[in-house]
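Numbering (my numbering), first residue to last: 38 to 128.
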């Protein structure tokens, strides 16, 4: 049986930030490593009962660092007009 993951998507003219709340344990590595400081805690709780993250896209440069440091593959970044940075979000 195929499982469908809920995705929270944030978007700007440069690309998309997808967070999978079912995978985010709230470790905060993405917040710590974001070079522009646009990732923050949300009010939504993830599977571990901890807050998941969200992105304030007006400052996001869609660099993909958050995706690369996430130990749980809970973030997917997609650039507009360019090849995908990494994993594709579930449809």
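The beta-carbon is built from N, C-alpha and C at its ideal position, and this holds for glycine as well.
Task: Extent of the continuous beta strand (DSSP E) to which residue 82 belongs - done: As a first step, residue 82 must be located in the chain shown, where it is residue number 45. Segment 76-82, the beta strand (DSSP E) holding residue 82.
Task: Distance, residue 84 Cα to residue 54 Cα - done: Here residue 54 is taken as the residue at index 17 of the chain shown, counted from 1. Here residue 84 is taken as the residue at index 47 of the chain shown, counted from 1. When rounded, the distance between both Cα atoms is 19 Å.
- [ ] Might you give, ordered along the chain, the residues of its own chain that have their beta carbon closer than 8 Å to the beta carbon of residue 88, omitting 5 neighbours on each side?
- [x] Against the chain shown, residue 88 aligns to sequence position 51. Cβ within range, chain order: 63, 78, 79, 80, 81 and 82.
Open item on the list: Less than 7 Å between C-beta atoms, sequence neighbours within five positions excluded: which residues of the same chain meet that for residue 67?
Closed with: Sequence index remark: in the chain shown, residue 67 carries index 30 (1-based). The answer, listed in chain order, is 76, 90, 103, 106, 107 and 112.
Task: Spatial neighbours of residue 109 in its chain, beta-carbon cut-off 7 Å, leaving aside the 5 residues before and after - done: Position 72 of the chain shown, counted from the start, is the residue given in the question as residue 109. Taken in chain order, the residues that qualify are 60, 61 and 62.
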